[in-house]
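Visitor:
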Amino acid sequence: MLSSIEAFARTLKVHRSSIERQAEKQRQSDTQEFPLLYQSIGSDDDRAELSEAEVQAEEDAQMTRATQQTNREIGTEELALLAEMGNIAQNARHQADAKVQHLVAWIKEYMCPNLGQLQAAWNARRLLIFTEYLDTKSYLERQLIQAIGNTSQRLGFFHGGMGEQNREQIKIAFNADPHTHPLRILIATDAAREGINLQNYCADLFHFDIPWNPSRMEQRNGRIDRKLQRETEVRCHYFILTQRAEDRVLDVLVKKTATIQRELGSLSPVLERQVPKLDTGIYSQQEAQLTAQIEDIDSKLVGKSDELLVVGGASLQENRRINIQEQLEIARPPQQKLLTELAQLDRMLKDSQEWLGLDDRLFRDALSVSLEIMGAPSLIPLDASAALKDRDRAQWIVPQRDSQTTDPAWAATLDSLRAVRKPGQKLWDWRNEAPVRPVVFRDPGSLDGEVVHLHLEHRLVQRLLGRFLAQGFVHNELTRACVCLTDDPLPKVIVLGRLSLYGARASRLHDEIVAIAAEWIEPDLRGKGKLKALGESDKENVLATLEQSLANPRLRDVSIGIQERLRSFAAQDVLELLPNLEKRAATLVERATKKLTERGVREAAEMKQLLIEQQQSILAKEKQHGYQLSLFNADELRQLEADRKHWRKRINDLELEINTEPQRIEEIYRVKADRIEPVGLVYLWPVSK
């Protein structure tokens, strides 16, 4: 009834039908629990994946069974009253109630001033509406269609049982730029999957009805009140009818739940179960009693800046109050622990970036080289001027050739850059209608799905880097000598080697390019001597000179004569500098092995600590639930016993893992073999010669 007259009317109709049958049979049944009559399906419920028809059928069945529990005689007065209630509900179920009227007025004021008119102009604002029940969702749909007019493109729905592809489609549409996609209003139920991001262009949310479970409120608001929200303020609205006493309870529930969330960051599991029970049964009381009960709840749900005290209502026992208070105190420490863990994760991310040497530009260049190896052009900036201003955040186009699109394997890889395929859409139609989207290498800061953020685990990246690792040092002339001009009067030569370290089962632990530089001397002038490698500081200067030569178009054009002359000396020069390359590689192997060993020891210690914390957490949870048995009903006790069996098994497994996992991790980073091989030769030839 508090959700919508539509939901009440349909449930009442089933109840009345069952009562009438019961009047004839006077049948009794055992007491059962009917969860769908107390609250709607949530995102973590298995029934969230059922179709709307299946959910409604189960709800009707529960209503019928609940009605049949009565063991008293059903009189004609009760049947007459039900008939009168049914008629009133039936006559009102299709009318726009006060909530709908307010909602439509809000849409007209803030989203579409010409609402209801042909070709009405909508602004870029979007709206998310949450409701508990499918009946109310259908009711809202009909009312908004009537108010808005042609809603085929303006109104969308997000609910359980709609399938992964449909969910993805509606998510992409709602997060798309409002100037390019007409969708403006999204109606969602609590069965919609938790964790979905809808904040890209939406900062307004309406709770058409208020769930008794406070965590549902958190989950709803969290769809838009999250990272990457463009607005500085998120507006979450809910309805309170001043003449309806029950709404005072809802108002208290919302405000105090918000206080709890603000003080603790989240609701503890025990408190989450108890808050909805505070108001159970008060609707049957007289208004004076109801007001007193509300004030009692209001006075006992008190939020303070330095302390939060939440106790049960008058019907809760003292031990429940104590348990809830203890839960609140237990909930505080994890907040600081989470902040500490976040800081630790930031440090780990920084260390990983330094360890991997992952650079956006080198990453992009490696992919471009891989494309060239395939015979395709390298990555092209979507906007050349934008790429010049901010190359790191620019958008890039992945060029395609017929050989790529006709190769089934590569065609499937390129499909990972397209928008989601629509249900029932043919493959070739999809590829024609959904072009390959541009790619970016830095977080674009939006969720509109117009670009694809490439990362090391992306399917396209895995394919291209696999090609680069297999053939990158074979193609692109890296096995041959190349020549650059330089203004330095002394010729130099650089030998490039590839150093690889391998672990167990030939797993690659480390790759590195090793460079050796030397002043180049004519072979005839060397006598019995050989080229001598420069020191590390002098080598760095030579590499810097090479960078300057590569960046200067004037120094790139080398005559064929010089190329042919130096080519004849390449094999001898590599042979003479190879011992220096191997010596340098041995030093780097020792250094890398030490770092890998240290990393293995560190990660092994962190894993051991994590496993110990998991074990302690399970033991604490077992102990905690041991003195909270009075808080659980029969179903919860059965689930708790199943949890305990799982916890005991997990504790035994953790004991074994604490002893074996650290050793396994250390073994992963143990170097079993290393290899150094020359892969390239670069000459720096003076312009003056």
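Heads up, the sequence shown is in my numbering, so the first residue is 445 and it goes up one at a time.
We put the beta carbon where it would ideally sit given N, CA and C, even for glycine.
Between the Cα of Ala-635 and those of Phe-602, Gln-906, Leu-1084, Gly-971, spot the shortest distance and give me the residue it belongs to.
Guide: Position 191 of the sequence shown, counted from the start, is the residue given in the question as residue 635. Checking every option, the nearest Cα to that of Ala-635 belongs to Phe-602.
Visitor: What are the start and end residues of the alpha helix (DSSP H) that includes Phe-602?
Guide: As a first step, residue 602 is located in the sequence shown; it is residue number 158 there, counting from the start. Run containing Phe-602: none in the alpha helix (DSSP H); it sits in the beta strand (DSSP E), 599 to 602.
Visitor: With a floor of 4 residues, list each alpha helix (DSSP H) that falls wholly inside the stretch 921 to 1000, ordered by position along the chain.
Guide: For the stretch 921 to 1000, whole alpha helix (DSSP H) runs of length 4 or above, ordered along the chain, are 967 to 970, 980 to 995.
Visitor: Applying the 10 Å Cβ sphere with the 16-neighbour rule, what's the burial state of Thr-989?
Guide: Along the sequence shown, read from residue 1 onward, the residue named residue 989 stands at position 545. Buried, because 16 or more other Cβ atoms sit within 10 Å of the Cβ of Thr-989.
Visitor: What are the residues that DSSP puts in a beta bridge with Trp-872?
Guide: For the purposes of this step, residue 872 is identified with residue 428 of the sequence shown, where counting begins at 1. According to DSSP, which records beta bridges pairwise, Trp-872 is partnered with nothing at all.
Visitor: Check for me: the alpha helix (DSSP H) holding Ile-589 runs from which residue to which?
Guide: By one-based count along the sequence shown, residue 589 stands at place 145. Segment 578 to 592, the alpha helix (DSSP H) holding Ile-589.
Visitor: Buried or exposed, going by whether 16 or more other CB atoms sit within 10 Å of the CB of Lys-1039?
Guide: The count along the sequence shown starts at 1 and reaches residue 1039 at position 595. Exposed, since its Cβ has fewer than 16 Cβ neighbours within 10 Å.
Visitor: Relative to the C-alpha of Ile-645, which residue among Phe-683, Lys-1067, Thr-633, Leu-572 is closest?
Guide: As a working mapping, residue 645 is identified with position 201 in the sequence shown. Reading the sequence as shown, one finds Tyr at residue 645 and not Ile. Taking only the C-alpha atoms, the option nearest Tyr-645 is Leu-572.
Visitor: At which residues does the beta strand (DSSP E) containing Val-1126 begin and terminate?
Guide: Reading the sequence shown from its first residue, position 682 is the one you call residue 1126. It spans 1117 to 1130 - the beta strand (DSSP E) in which Val-1126 sits, taken as one unbroken run.
Visitor: Looking at Leu-858 and Gln-844, is the spacing between their C-beta atoms short of 8 Å?
Guide: If you number the sequence shown from 1, residue 844 lands on position 400. If you number the sequence shown from 1, residue 858 lands on position 414. In this structure, Leu-858 lies closer than 8 Å to Gln-844 by Cβ.
Visitor: So, under 8 Å CB-CB, Gly-811 and Val-905 are touching, yes? Tell me the CB distance rounded to an integer number of Å.
Guide: Indexing the sequence shown from 1 puts residue 811 at position 367. Indexing the sequence shown from 1 puts residue 905 at position 461. The sequence shown places Leu at residue 811, rather than the Gly named in the question. Leu-811 to Val-905, Cβ: 7 Å. Contact.
Visitor: Give me the residue from Ala-689, Gln-673, Asp-669 with the minimum Cα distance to His-681.
Guide: Looking up residue 681 in the sequence shown gives position 237. For the residues Ala-689, Gln-673, Asp-669, the minimum Cα distance to His-681 belongs to Asp-669.
Visitor: Can you give the beta carbon distance from Gly-600 to Ile-614, rounded, assuming they're within the 8 Å contact cut?
Guide: Here residue 600 is taken as the residue at index 156 of the sequence shown, counted from 1. Here residue 614 is taken as the residue at index 170 of the sequence shown, counted from 1. Rounded, the Cβ-Cβ distance is 5 Å, consistent with contact.
Visitor: Assuming Lys-1116 and Ala-948 are in contact, meaning their beta carbons sit under 8 Å apart, how far apart are those beta carbons, in whole angstroms?
Guide: The residue labelled residue 1116 in the question sits at position 672 within the sequence shown. The residue labelled residue 948 in the question sits at position 504 within the sequence shown. Confirmed, Cβ separation roughly 6 Å.
Visitor: Pop quiz: Pro-1130 and Pro-997 are said to be a contact at Cβ under 8 Å. What is the actual Cβ separation, rounded to whole angstroms?
Guide: If you number the sequence shown from 1, residue 1130 lands on position 686. If you number the sequence shown from 1, residue 997 lands on position 553. The Cβ separation is near 18 Å, so there is no contact.
Visitor: Name the DSSP bridge partner or partners of Phe-650?
Guide: Taking the first residue of the sequence shown as position 1, residue 650 is located at position 206. Paired residue(s): Ile-573, His-681.
Visitor: Over the uninterrupted alpha helix (DSSP H) stretch that includes Leu-811, give me the two end residues.
Guide: Locating residue 811 in the sequence shown gives position 367, counting from the first residue. Per DSSP, Leu-811 belongs to the alpha helix (DSSP H) from 804 to 817.
Visitor: So which of Arg-454, Leu-953, Glu-1066 has the shortest CA-CA distance to Asn-531?
Guide: On the sequence shown, position 87 is the one that residue 531 refers to. For Asn-531, the nearest C-alpha among the options comes from Arg-454.
Visitor: Under 8 Å: do the stretch 948 to 957 and the stretch 1041 to 1050 share three or more Cβ pairs, one atom per stretch?
Guide: Taking 8 Å as the limit for Cβ pairs, the verdict is that the stretch 1041 to 1050 does not touch the stretch 948 to 957.
Visitor: Give me, in chain order, the residues of the same chain whose beta-carbon lies closer than 7 Å to that of Gln-1058; leave out the 5 immediate sequence neighbours on both sides.
Guide: Within the sequence shown, the letter at position 614 stands for residue 1058. Cβ neighbours of Gln-1058 beyond the five flanking positions: Leu-1098.
Visitor: Could you tell me the boundaries of the beta strand (DSSP E) in which Ile-629 lies?
Guide: Translated into positions along the sequence shown, residue 629 becomes position 185. First-last of the beta strand (DSSP E) with Ile-629: 629 to 633.
Visitor: Would you decide whether Lys-1067 is buried or exposed? Buried here means 16 or more other CB atoms lie within 10 Å of its CB.
Guide: As a working mapping, residue 1067 is identified with position 623 in the sequence shown. Exposed, by the Cβ-count rule.
Visitor: Does DSSP put His-459 in a helix, in a strand, or in coil?
Guide: Here the question's residue 459 lines up with position 15 in the sequence shown. It is helical.
Visitor: Check whether the stretch 1045 to 1059 touches the stretch 1094 to 1114, taking contact to mean three or more Cβ pairs, one atom from each stretch, closer than 8 Å.
Guide: Judged by Cβ distances under 8 Å, the stretch 1045 to 1059 makes contact with the stretch 1094 to 1114, as three or more pairs qualify.
Visitor: With burial defined as no fewer than 16 other Cβ atoms inside 10 Å of the residue's Cβ, what is the status of His-897: buried or exposed?
Guide: Here the question's residue 897 lines up with position 453 in the sequence shown. Exposed is the call here.
Visitor: Could you check the C-alpha separation between Ala-505 and Ala-647 for me, to the nearest Å?
Guide: Walking along the sequence shown from the start, residue 505 turns up at place 61. Walking along the sequence shown from the start, residue 647 turns up at place 203. Approximately 38 Å, taken between the alpha carbons.
Visitor: Which class does Ile-824 belong to by DSSP, given the choice of helix, strand or coil?
Guide: Here residue 824 refers to the residue found at position 380 of the sequence shown. Looking at Ile-824 - three-state DSSP - the assignment turns out to be strand.
Visitor: Look up Trp-566 in the DSSP assignment and say whether it is helix, strand or coil.
Guide: Working through the sequence shown from its first residue, we reach residue 566 at position 122. Coil at Trp-566, not helix or strand.
Visitor: Hey, is the stretch 624 to 634 in contact with the stretch 552 to 571, meaning 3+ C-beta pairs nearer than 8 Å?
Guide: At 8 Å Cβ cutoff, the stretches touch.
Visitor: Do you know whose CA, among Gln-590, Gln-545, Gln-534, lies nearest Gly-560's CA?
Guide: As a working note, residue 560 is residue 116 in the sequence shown. The shortest Cα separation from Gly-560 among Gln-590, Gln-545, Gln-534 belongs to Gln-590.
Visitor: Where do the ends of the alpha helix (DSSP H) carrying Ala-533 lie?
Guide: Counting from one through the sequence shown, the residue named residue 533 turns up at place 89. Unbroken alpha helix (DSSP H) run through Ala-533: 520 to 536.
Visitor: Pick helix, strand or coil for Ile-1056, following the three-state DSSP scheme.
Guide: Your numbering for residue 1056 matches position 612 in the sequence shown. In the structure shown, Ile-1056 sits in a helix (DSSP, three-state: H, G or I).
Visitor: By Cβ distance, which residues of its chain are closer than 7 Å to Ala-564, with the 5 residues on each side in sequence left out?
Guide: By 1-based counting over the sequence shown, the position of residue 564 is 120. So the qualifying residues of the chain are Cys-556, Asn-558.
Visitor: Using a Cβ distance threshold of 8 Å, determine whether the stretch 822 to 840 contacts the stretch 574 to 591, with at least three qualifying pairs required.
Guide: The stretch 822 to 840 vs the stretch 574 to 591: no contact.
Visitor: Spell out a yes or no on whether the stretch 907 to 916 and the stretch 690 to 697 are touching, meaning 3 or more CB-CB pairs, one atom from each, closer than 8 Å.
Guide: No: fewer than three Cβ pairs fall under 8 Å.
Visitor: So which of Val-1123, Ser-860, Trp-854, Phe-885 has the shortest CA-CA distance to Thr-834?
Guide: Indexing the sequence shown from 1 puts residue 834 at position 390. For the sequence presented, residue 834 should be read as Asp rather than Thr. That would be Phe-885, whose Cα lies nearest to the Cα of Asp-834.
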